[in-house]
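Take a look at the structure set out below.
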Amino acid sequence: MSCGIIGLLSRRNIARNIYFGLLALQHRGQESAGISILKNGKIHTKKGVGLVSDLFSKHQIENGELGIGHVRYSTTGTSSERDAQPFQVDSPLGGIAISHNGNVVNLIELRRELSRDFPFESGCDAEVLLKLLAREVSEEGDLIEGIKNIYDLVDGSFSDVLLTGNEGLVAFRDALGFRPLVWGSGPTFSSESVVHDVLGREFYGDVNPGEVILFRDDTIERERIKRKKSKFCMFEYVYFSRPDSIINGKLVYSVRLKLGEELARIEEHEGDIVVPVPDSSRTAAEGYSNYTGIPVVEGLIKNRYVGRTFIMPTQEEREIYTQLKLNPVRSLVRNRRVILIDDSIVRGTTSRRIVSLLRKAGAKEIHLRISCPPIVSPCFYGIDMANKRELIAANHSIDEIEKILGVDSLIYQSIDGLVRAIGFNKEELCLGCLTGRYPTPLANELVKVEKSGRLWE
Ligand code: SF4
Numbered sequence: 001m002s003c004g005i006i007g008l009l010s011r012r013n014i015a016r017n018i019y020f021g022l023l024a025l026q027h028r029g030q031e032s033a034g035i036s037i038l039k040n041g042k043i044h045t046k047k048g049v050g051l052v053s054d055l056f057s058k059h060q061i062e063n064g065e066l067g068i069g070h071v072r073y074s075t076t077g078t079s080s081e082r083d084a085q086p087f088q089v090d091s092p093l094g095g096i097a098i099s100h101n102g103n104v105v106n107l108i109e110l111r112r113e114l115s116r117d118f119p120f121e122s123g124c125d126a127e128v129l130l131k132l133l134a135r136e137v138s139e140e141g142d143l144i145e146g147i148k149n150i151y152d153l154v155d156g157s158f159s160d161v162l163l164t165g166n167e168g169l170v171a172f173r174d175a176l177g178f179r180p181l182v183w184g185s186g187p188t189f190s191s192e193s194v195v196h197d198v199l200g201r202e203f204y205g206d207v208n209p210g211e212v213i214l215f216r217d218d219t220i221e222r223e224r225i226k227r228k229k230s231k232f233c234m235f236e237y238v239y240f241s242r243p244d245s246i247i248n249g250k251l252v253y254s255v256r257l258k259l260g261e262e263l264a265r266i267e268e269h270e271g272d273i274v275v276p277v278p279d280s281s282r283t284a285a286e287g288y289s290n291y292t293g294i295p296v297v298e299g300l301i302k303n304r305y306v307g308r309t310f311i312m313p314t315q316e317e318r319e320i321y322t323q324l325k326l327n328p329v330r331s332l333v334r335n336r337r338v339i340l341i342d343d344s345i346v347r348g349t350t351s352r353r354i355v356s357l358l359r360k361a362g363a364k365e366i367h368l369r370i371s372c373p374p375i376v377s378p379c380f381y382g383i384d385m386a387n388k389r390e391l392i393a394a395n396h397s398i399d400e401i402e403k404i405l406g407v408d409s410l411i412y413q414s415i416d417g418l419v420r421a422i423g424f425n426k427e428e429l430c431l432g433c434l435t436g437r438y439p440t441p442l443a444n445e446l447v448k449v450e451k452s453g454r455l456w457e
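Quick note on numbering: the working numbering labels position 70 of the sequence shown as 70, and the sequence is numbered without any gaps.
Now the structure itself:
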């Protein structure tokens, strides 16, 4: 799952600081949330289904000095309370709690193997990872040695924090660095640097791919367990992370601005106004406008109290929420040639609905421009892209998609334009959902099974 995680030391008000940090990460998951606090060697956890503000205004949370937190949207398991994180387990080295962001691709095999010794209470890959860790820690008799084994046993992505009863706080990131993980003074570990801004903590940078950082006895120990060429997820820049976050050393805002410029470079298009789909496409629209000189107009107004449709777990919920969420400003779009900028098209449901709203509001022409290249294959590393049969670009040509969505024209970002905008070499990025070629072996096997239709039967 692509979630938001946090772990920190705070001599005062730890629970309140984790709460504020989770609020800053709420965009990364709205299904459930949880906080674990270490007090007198024991881990106390409160978690449940719902938004951070709803959950923790009701719960009384223990106070201590070290804690971790989590916000979740699911790619494995369900959106029920039993799948909420952090998860907790006992080990010979004391209790361990985990906040996990990523996706264990070899989940089924690991779960089968572990279930001989461990009962499972959820369908979530975080629980599998935690129990695997408990087993490895028991066998090694050492936390870091146990974590090292995880790097050889897990196929997939993990950018995680652990809270342990007698060791302290640990952050670790898979060797390819799919999901972001940053850290700063305190120490503070989190999915995105905005947490450090909110808590007034100094931002140091990334937990490197393949690195473990352990905080115990008031000291920091860093160890690079594995060194490989990174495979940062391009979609964190396109859509998932906040524009004011710095991940892998790049400000997301700057990347999105360049995505808009790259998109504008593809064509010479006549339009009257550039309209972003709020909020995640605003910056790309600004970039498009900077390049073309066509003004940005806020022709769609977002209801801020409705969540992101992308992370609603069922199709029915997604449709209702799309309808609630955007309202066109008639006087701005009527009789205008609208260049509509969106960050991505997954199933096409949301785009079709938005186009229909703009048509009803009187737009003369609608030219849809997408700052991400076509998504043609699923994600196995924690972004809920849907399966191949649901992905519109995997099953239709551009002409067909134009008709399905009801637009006058459609242009996607090129892969080279995306790579230039992000600013890493192509080899340093995961582009699996754009190319169908994945950086880890099992995902390449799974996608073949999926193409045959057997994965989803
Ligand atoms: S497959 Fe796509 S969404 Fe998944 S990690 Fe790779 S780039 Fe990101």
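Beta carbons: idealized from backbone N, C-alpha and C, even for Gly.
Secondary structure note for Phe20: its alpha helix (DSSP H) is the uninterrupted segment 14-24. As summarised for the segment 328-407, the continuous beta strand (DSSP E) elements at least 3 residues long and confined to that stretch are 337-342, 365-370, given in chain order.
Looking at the backbone, the Cα of Tyr412 and that of Val238 are separated by about 13 angstroms. When secondary structure is reduced to three states using DSSP, Asn103 falls in the strand class.
Taking each of Lys325, Pro278, Gly299, Phe235 in turn and checking the Cα distance to Phe380, the smallest one comes out for Phe235. Under the DSSP definition of a beta bridge, His44 partners with Ile37. In summary, Asn106 is buried, with 16 or more beta-carbon neighbours lying within 10 Å of its beta-carbon over all protein chains present.
In its chain, beyond the 5 residues on either side, Gly271, Asp272, Lys364, Glu365 have a beta carbon closer than 6 angstroms to the beta carbon of Arg337. Membership of Ile68 in the beta strand (DSSP E) is indicated by the continuous run 66-72. Judged by the Cβ position, Phe158 fails to qualify as a neighbour of the ligand SF4 at the 7 angstroms threshold, every heavy atom of the ligand being at least this far. With at least 16 other beta carbons inside 10 angstroms of its own, Ile213 counts as buried. Residues Gly260, Val274, Val275, Pro276, Val296, Ile341 of the same chain have their beta carbon placed closer than 8 angstroms to that of Ala285, with the five preceding and five following residues left out of the count. In this structure the segment 173-185 does not lie against the segment 111-131, because fewer than three pairs of beta carbons, one per stretch, are closer than 8 angstroms. When the alpha-carbon of Tyr291 is set against those of Arg282, Arg265, Glu145, the nearest one is in Arg265. Beyond the five residues adjoining it in sequence on each side, Asn327 comes within less than 6 angstroms, by CB distance, of Ile301 in the same chain, given in chain order. Inter-residue distance for Leu368 and His396 is about 16 angstroms (C-alpha atoms, whole angstroms).
DSSP lists Ile341 as the beta-bridge partner residues of Pro276. In this structure, the CA atom of Phe215 is about 10 angstroms from the CA atom of Leu8. No heavy atom of the ligand SF4 is found nearer than 7 angstroms to the CB of Tyr412.
Leu51 carries a coil assignment under DSSP once its states are collapsed to helix, strand and coil.
Counting along the chain, the unbroken beta strand (DSSP E) around Gly205 starts and ends at 203-206.
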